[in-house]
Each structure stands twice: as C-alpha cells, then as structure tokens.
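Protein chains in written order, with our numbering: chain A, 373 to 858; chain B, 10 to 519.
Some notes on the structure that comes next.
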Amino acid sequence: MPSKYHLKPKPAPSRFVPPGPFGIIEGDGCLNCAKCVKKSCAYQVYQKRSYDDRQLTDTADSLCKNCFRCVQECYGRVLSKSANPEYWSMGDEYWTPEIIGSNQRQAEAGKIPVSGGGYGGPFAGPGFDSMWTDMSEIVRPTRDGIHGREYISTAVEFGPVSQPAAFMPNRGSEERQAVSARLRVEVSVPILFDLLPFQEFPQPVLAALARAAKETNTLMILPAESIAGELSSWRAHLVPLLPPGNLGPFTPLIQQCRMVQITQDEKTGERIGEIKRANPAVIVSVRVPLTPLAEEKIELLARAGVEVIHILADGQGREQEASQPRFIKDRIRGLHRALVEQGRRDRVTLIFGGGIALAEHVAKAIICGADAVSIERPLLISLECRLCGQCSPKERCPVEINKVETSWGRQRVVNLVAAWHGQLLEVLGAMGMRDVRRLRGEAGRAIFREDIEKETFADIFGEKMQTRLVKAQPVQQGEIACAPNT
Amino acid sequence: MPPTPEIKRAPSRYRNPIGKFKVQRDKGCTHCGLCAELCPRGVHQRLGKKMLSPRDEWCIGPSCQKNEYYCIRRCPQGALRMAVNPNLQALRDHRWPADLLLSNWQQAEAGGVPYSDLEYRIGRSGGGFDRLRLRFPRIPPGELPAEEEVSTALLLNRREDGRPRVRIGVPFYGGGMSFGSVSNHTMIARARAARAWDTFTCTGEGGYPESLKPYDSHMITQVATGLFGVGEETIQRVRIVEFKYAQGAKPGLGGHLLGDKVTPAVARMREAVVGNALFSPFPFHSVYSVEDHKKHVDWIKEVNPRCLVSVKVSTPTDVDMVAVGSYYAGAHIIHLDGSYGGTGAAPDIAKKNIAMPIEYAIPKVHRFLVQEGIRNKVTLIASGGVRTAFDMAKAIALGADGVVVGTADMVALECIRCRNCESGRGCPRAIATTDPEYSEQMNVEWAAQRIINLYGSWVKQLVTILRLLGMRSITELVGRTDCLVHLDYQPEETDDDIKPYLMGSNGKSA
C-alpha cells in the first residue's frame, strides 16, 4: 500500500472581495416596513454586508446566494437582482468567469467544490467539454467509505523507467542502473507549476509558489536566472529553465537540482550531453511547443533518449503556430498513440501544459495520454488574479498581486492543489482505480462525444452535420422592452 | 387518459411572483381602475380605491399589443410600463433557463400549458433533449385518436414471475429524495401527488418516515450503499424496492449529506449523530460481482415476496452490460440515471464530468436489450435531466418505457435552482431543508396541489403528443426514433409546439 499523501488545506481568506455573479439592486419606494425582509435573509447578507472602499463595492453582491427570497417577499417590490458585470467580464471565452471563480473559491477554502441541485451547464462544449470520464457500477474495493481514498496514489515518476539514459555511453551497466534509480523523481500529484505568464513576478510570489511546490511535493519550473536568495532553499522542488547559450554560470544549479529544463532547438542533444556531464543524475526535460509538427520533434527527441518532454499549447489549450489550431486534448491523444506505436511510450515522460484550467482537465489530459500536466494561470488565479490581462508597470493590478505575502500565497496554492487532488481522487475512485499512472492513455475509461454520438445516433439520425458546431445558447433572455403607449 | 385528480389553482406562495415581464405603475397612476377592468388575466387588481401591485406572472408581455385591452396603450395617464423582467438575468442555468422555470411554475399553478410565449419544452443546453424535436406526421384532424382512447399507462412488471403486475397510470414516477436532503413536507407532497395520479415516488436512502405510512402503496423505498434507515420493516411496507447502485449526479461516489443538515430528526431516522456529515460509501461493499448483485436482489425478494425490484444505475460506458446483468439478476425495472441528474449535494466535478448523458444511454441500452431478446421482459426507466413532457416523450422515443422525475417536482414547489441545497440550514425556500423553522414555511396541501397540477399538465401534453403521432398508447412510442429529429443531424425546420392543439381542445389554456 502506498503511503498516504496528506495535504493540509486551511482557509486563506481573499484579500479582495471576489465579485459575485449577481448583484442586488435596490430601487426607490422603500416602505420602511417594521419587519423588513432583509432581516430574514437566510444568509444574513444584509447584516454582514459592508462597503469595501478599496474596490468601491458592496460586499452584498458576493455574499448573496441568489435565493431570491428578499426579491420575492419585499412589500415595496424595491429589490431586484441582476447580473454583475464585474463578474461576467472576468477572463475570456476559455477562462470563463465560472472557472476563475471556482478556482478562487478552491484556493480560499482548499475544499472540493460541492453544491446542491443538478448540473446547470451546457450539454457539452469544445475542448475538454466534449468528453466524460467513466465510472464502474461494481468496482474493486478501492474505497472504504471516504477514508480509503487516501490510498489512491496520484504520484507520477520522471526519469528513465527501465532503460538507463543513453547519455552515459562510457559507464558500466551497474553504474548505469544505480544512476538510473537515483535519476527518478517522484511527485505526489501529476500537476507541475509552470512559468508564470503576463509579467515578471517579485520574489515573494515566486517563493510562495516554491514553498507550495515543496509542501505538495511537486515541481516548479522557473527561469534559472530567477533562482536566488530565499528561493534556492527549495531547489529540490525547482526545475530551472536554462537559457540558451553558455551553461557555465548555471553549473552549480545543475548540480543541485533534480530536474532541469531546456527549450528544444537544434543543439538540444549537445546541451543535454553538457548538462549530464555536469551532473549525471539530473533529469533533463525538454520544452517543446505544441505545433502541427510536434509529432516529428517528439519522435526525434524520444528516439534520442530524452527522458522528459514538456509540450506546451498556448494559454487556451490551442496548438501553436497553426492556421487552424487543434485542441490540446486531441493532440495529446495523437502524440501518445504515435509513441505507443513506435514502442517508445514508456521510455519517455510527457508533461502537457496550456489550457489546464480545472481539476477535471488533469484527469482528462491523463486519460488522453499525458503522464502529468503543468499549470500556470490557475496559480495566478489562486492568488486572486482575475485574468484582466492588463499587467503593466503603469497600471495598478486590481488585486495587487505583487504585494502577495509568501505565507498567504503558499497556503492559497496548497489549497488549490489540495482541492484538485481531492477531485482527482473522486474521478479515480469512481472508476475504481488506485493509481493515477494506470489512467494514462486509458481512452477506454472515457466517453468521447464524437464516438458516443456515432455509436448511438448514427443508426438513428445518419450523418452528423460537420459544419455546425452548436454552442449552448446564451441563457440571458431576449431584450424586449416596451415603452409606454407604443 | 388516466383519471384526472382535481386540479385546483395554487398560486405562488411569494408576495412577488416572478414573471417573464415586469409591469410597473408609476406615480402618474390615478387609481382609476381601467386597467383592472381591461386585463382578462388579472394582472391589475383594485382593492377598494387603490390599485394593487401588478401581478407580473400573469402578464403575457408584448404579444398583448395586438389586443384592444393592452393596458400600456389604454392607460389614460400613460402610467404603465412593461419590460422583460431584469431579474431573469440572475437565472443563468442552461438546463433550466428562466423560461423553463417560469413555465413549470405556471403549470404547477394552473395545471395547463403556460399561457404566454414561454418556452415550455426545452432548455438551452445546446445538446441532448434540447436539440431533439418531435416529428409529427400529417394526420387529418378528424383521424386523430380521441383523447379518451389514449392510454399513458405503464406496466412495471414484465417478468411474469408471479409477482404483482403493477401498472401506473402515467409513464413517470418520482425519483429518490431522502429525508435529510428534502423536508418531510416535501416528501409528503410528492407522495400525495403520486397517489393522486396513481404512480409512485421514492424515499431515497434516508429512511422511511412514519408520516409516509398512508402512502405506502405509492412509495418506493431505496436501499442504497449507506443503508441509512433501511430495515426489513421498511422493505415490507412497499410494492417496489429500489437498489441504488449509483446516482447520475455523482456516479461512482456515495451520497453526501453535509453536517448542517443532519438535524436531530434526520439523525434519528438515519441512526447517526447530529451535525456529523454523512457520506454513503461507494460501491455496495457487499457487491463486487453480478453474482453478489443477484444475492442482493434475492434477499429483497425473500424479505418482501410481493414487491418488485428496481435497480438504479448510472451510465458508464458499459451501461448496456450492467442493464443485462441486472435483468438476469432478477430486476423488474432497470433505472438508468444519466450523468446530468439531480442531487441535493454533489461535487461539481462529478455533476459535470462523470458518465454519459441519458440521451446516449437510452438508445444504447434499449438496443442491447433488444439484441439480447429480453427487451420485453424488463421495464426500462430513464432519468437525469427529464424536465418536461417533451423530454419524457423524447426519452421514450429513444427507447425507454418511462421516466423518473425529481428536479421538476422541486421546481413546481418554487425551487429557483440557486443550488445551495447542500449547505447550512439547507434551502431557504423551504423545499430541500430539514431545518424545523424553514420547513414550516411551506404548506403541504399547497405543495401537493402544485405537483398534482404539474403532472396534470404533463399528462395533457403527453396525450396530445400521442394523438398527433397517431398513437393510442404510450407503449407504441417506445424506441420510435423515427418520431424524432436531431437538429445536429437533420437541418429540418421542425416546430413541435403543441400549444395550439391544447388550447383548441379545451377552449383555452390555463
């Protein structure tokens, strides 16, 4: 039985009032009733509300749970509800307000999001929303109540599985094996922290993430140049991204870290050799953009014996440098399958990043063939970032992310990882799986929309129309307003 | 048509019911009362010399402009305004958009299809039932079957095993909702509606409250993995026992009841500790094979020799095998709960991602049962996102014999889908709560009448749908996928609105 993996989430309240999806609007005509409906709010929204002068918002909008009771019981009919534009304008089409809001709540509480009522979202959607994970009605006893969950392993290993690295040609086989055992790095969750987008972040922010990486036993990729001072103490959990050019200045770092990363270019082979000479025990991961040509590059790297390949889509999970970008989910399947066919899949670890926005994406990416995933934006979201995309030295960050304190930031990120880990366990438990490594590439443990449509509907309705991708309709109702006397 | 219980008007229990449109009377109003005289729907009412606040929920909106009694135009002071209710912006549910909530409420209030231009058939999820349409053949009105000839009855035992041939008058029954997840009042209201329509409702897995004793012959009791409140006595009380292997909202996970909702009454019923969260395990720890499953079924049959056994499962990729396995283990009813099913509390990740939507599972299982030659020996029931009479007809046309409803019952009691049933004292709208103070805020007679009315409207619609299809029994519709159009496959302009027929048949609608 694997050892238990316990994270310790603790509430870490938001520094800024998170915008709620719906606002309360108070119109004219209050009758000043002795028994005001506001007093009987089930959530004491009106008692707890305050005015936040930093953000100029009424906290009622984020406390309100939208039960409509006050709206429906007010004698003067002065209360009404509306959509809160501050909430609905967060993020973009991919990083939806719901995704941002949910991750922020997870970072705050460290708990799996649980709610009442059935699912209220679209039937399906593009990308990860066009697949469902499987379950078993009658499963092996993976779970004893909720307690056995802790024995479900979410650990993944990096480094050579059976074959000693090809970059040690001059060493004996015993030595090779010893090195190869030392080479393996295990993380407890298949979620790595990747380079942060948008801007350079100050040391306390990076330190918060590095400490969280240590506490959750995972790895954090960051530019080698930024590893200094306090950060160096978490070297074991840092993966320095080495810049092109002379590696000399980074030799100490290479010797102290367990894994380093380089960006793929024509000199990749040479550079790996150079790094391995400096530290034979270090794992070298190669960063590759997910382009239409990724198959070839990855085949070459795998053939050359590269141990870890980190493949990156853009921030929205789309292929890079493509006129008609495909989505990461489908590309993972293709790349995984290609390596399986070449007989090389087990000699290389694949990390995929870009567009991993929710815990469900971790499970789905792994089902499609990833060994692990990397996240960036969710890390910032857990530090309250709303993805407004206006980072610049001139503009003031609405959530003052540069002022994040290390200990608070660490707890927020630990909370997020704890919540995602818990959700991963739910998915694995539902399938009766004890080990996330068994999920890799198990496309049979998923239901892909294209496949199930073909299987169940093709006989009934014939060929599906390819041209029309039907999106869920906006849920807002039509805007008909009738002026008087028209 | 089944015998119809009395439909009585059961208006909203809130002072300000929500309408699609909001009518406003400004200060210029002289309380002359003309609008009250004009409006045939009762939007405007005068009490003494004063006008009351407009009843938004009865206003038919801009479609009223063609009427000579259009109040906005006729008001001598120009003091009336009407617009789409801005509150609807805060009802953002793709599966239950505002129109569907409002139309459900209207049906629950008056027992007929909604009178204004509300969408009463589908939601806005962009897939599944929401992309399917019914295709009615052109049958001359004179040749349509008469209303009285059409049967909506459903036989639940097809095994010919000597057990009672239980038949229900309508092709739907109520899904399991435990005492704990919902209030005693809610349970009783559902039970009364089930009795009135000669169908069933289910206790869920939280025990069998004594208050449901009078409804025993219309109750299903659930045996779920937590075995909360299950005893030989509870199994012997009923005509149908349901094994809940899994639930569509959280397939592969056990039930959740968060600590706040474990009140003294709930704890007593479940033999648990007040305030402690209750998690049902997953799976049944006594069932790791189909053989174990058969032992389970045999056990129930032994304890209650006259009951039928239903097996409720979720929809994994091998749902067809599961269904066949259940049949051979002795189940009378296979109940598939699709992945978008209802719940009182579930992890969001499970609600959205685990297992397949019911729209795929029904044809998959139906076809497999046909191939195995056992389709007519078992009753196939579908649930998980069945919100309207149209969803029912579509589920049946895809291959189910009947359906189970849950959330729609709750909406009839004015659930607004705020999705906070899991936390704190539970539902502030007094439906999914066990808090003694909140529970008292909903009257049982009213609640029962609302559900009876909603069912009444559904039955009318189902009968009309069958007539328009030229069918005399709901059983004729099973697996008739030729009666369906899927808009992703066939770009057919299909309008399956049956409102004109319903209005025609009884003069006017509700």
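C-beta atoms are modelled at their ideal positions from N, C-alpha and C, and glycine is treated no differently.
Below 8 Å, enough C-beta pairs join the region 579 to 588 of chain A and the region 774 to 785 of chain A to call them touching: three or more. Ranking B:30, B:212, B:506 and B:423 by CA distance to the CA of residue 237 (chain B) puts B:212 first.
The straight-line gap separating the alpha-carbon atoms of residue 403 (chain B) and residue 482 (chain B) is approximately 15 Å. Excluding sequence positions up to five before and after residue 324 (chain B), its CB lies within less than 8 Å of the CB of 257, 260, 345, 346, 347, 348, 364, 365, 366, 367, 369, 370 and 393, all in the same chain and listed in chain order. The residues 386, 390, 753, 754 and 756, in chain order, have a CB closer than 8 Å to that of residue 476 (chain A) in the same chain once the five nearest residues on each side in sequence are set aside.
Between residue 156 (chain B) and residue 462 (chain B), the CB-CB gap reaches or exceeds 8 Å.
Those residues of the region 288 to 313 of chain B placed with their C-beta closer than 9 Å to a C-beta in chain A are 288, 289, 290, 291, 292, 293, 294, 296, 297, 298, 299, 301 and 302, ordered along the chain. Assigned with DSSP and collapsed to three states, residue 141 (chain B) falls in strand. Exclusion of the five residues before and after residue 336 (chain B) leaves 383 and 387 as the residues of its chain whose Cβ lies within less than 6 Å of its Cβ. Identification of chain A residues near residue 331 (chain B) by a Cβ-Cβ cut-off of 7 Å yields 509, ordered along the chain.
Interface annotation for the region 491 to 509 of chain A against chain B: 491, 492, 493, 494, 495, 496, 504, 505, 506, 507, 508 and 509, criterion Cβ-Cβ distance under 7 Å. Taken in chain order, the unbroken stretches of alpha helix (DSSP H) that lie wholly in the region 706 to 773 of chain A and span 4 residues or more are 731 to 740 and 749 to 754. Where residue 467 (chain A) is concerned, there is no enclosing beta strand (DSSP E), because DSSP gives it neither an H nor an E.
Counting every other CB atom within 10 Å of its CB across the protein chains shown gives residue 423 (chain A) a total below 16, marking it as exposed.
When C-beta distances to chain A are compared with 8 Å, the residues of the region 58 to 83 of chain B below that value are 62, 70, 71, 74, 81 and 82, in chain order.
The three-state reading of DSSP puts residue 205 (chain B) in helix, counting H, G and I together. If you compare the alpha carbons of A:634, A:440 and A:609 with that of residue 619 (chain A), the shortest gap goes to A:634.
Taking 4 residues as the minimum length, the alpha helix (DSSP H) runs contained wholly in the region 314 to 399 of chain B are 328 to 337, 357 to 362 and 367 to 380, in order along the chain. For the region 435 to 460 of chain A, residues whose beta-carbon sits nearer than 8 Å to a beta-carbon of chain B comprise 437, 438, 439, 440, 441, 443, 444, 445, 446, 447, 449, 452, 453, 454 and 455.
Taking 8 Å as the threshold, the shortest C-beta distance from residue 476 (chain A) to chain B does not fall below it. Cα atoms of residue 500 (chain A) and residue 567 (chain A): separation of roughly 22 Å, rounded to the nearest angstrom.
Any Cβ of chain B closer than 8 Å to the Cβ of residue 576 (chain A) would place that residue at the interface, and such an atom is absent. Considering only B:111, B:268, B:299 and B:79, the residue with the shortest C-alpha distance to residue 430 (chain B) is B:268. With respect to residue 209 (chain B), residue 196 (chain B) sits apart: the two C-beta atoms are not nearer than 8 Å. Under the DSSP assignment, residue 792 (chain A) falls outside any beta strand (DSSP E), being part of the alpha helix (DSSP H) whose first and last residues are 778 to 803. With a cutoff of 8 Å on beta-carbon distance, residue 491 (chain A) and residue 361 (chain B) are scored as near each other. With a 10 Å radius around the Cβ and a threshold of 16 neighbouring Cβ atoms, residue 402 (chain A) comes out exposed. Within the region 213 to 288 of chain B, the complete beta strand (DSSP E) runs of at least 3 residues fall at 228 to 233 and 249 to 253. Here residue 490 (chain B) carries a helix assignment [DSSP, helix/strand/coil]. The beta carbon of residue 770 (chain A) sits closer than 7 Å to those of 758 and 760, all from its chain and outside the five residues before and after it, given in chain order.
Of all C-beta pairs linking the region 87 to 96 of chain B to the region 26 to 43 of chain B, three or more are shorter than 8 Å, placing the two stretches in contact. Annotation for residue 600 (chain A): no alpha helix (DSSP H) segment contains it, and DSSP assigns it neither H nor E.
Per DSSP, residue 416 (chain B) lies in no beta strand (DSSP E); the unbroken alpha helix (DSSP H) holding it starts and ends at 416 to 421. Counted as a single uninterrupted DSSP element, the stretch harbouring residue 411 (chain A) is not any alpha helix (DSSP H), since DSSP gives it neither H nor E. The C-alpha of residue 355 (chain B) lies about 50 Å from the C-alpha of residue 643 (chain A). For the C-beta of residue 803 (chain A), the chain B residues within less than 8 Å are, from N- to C-terminus, 261.
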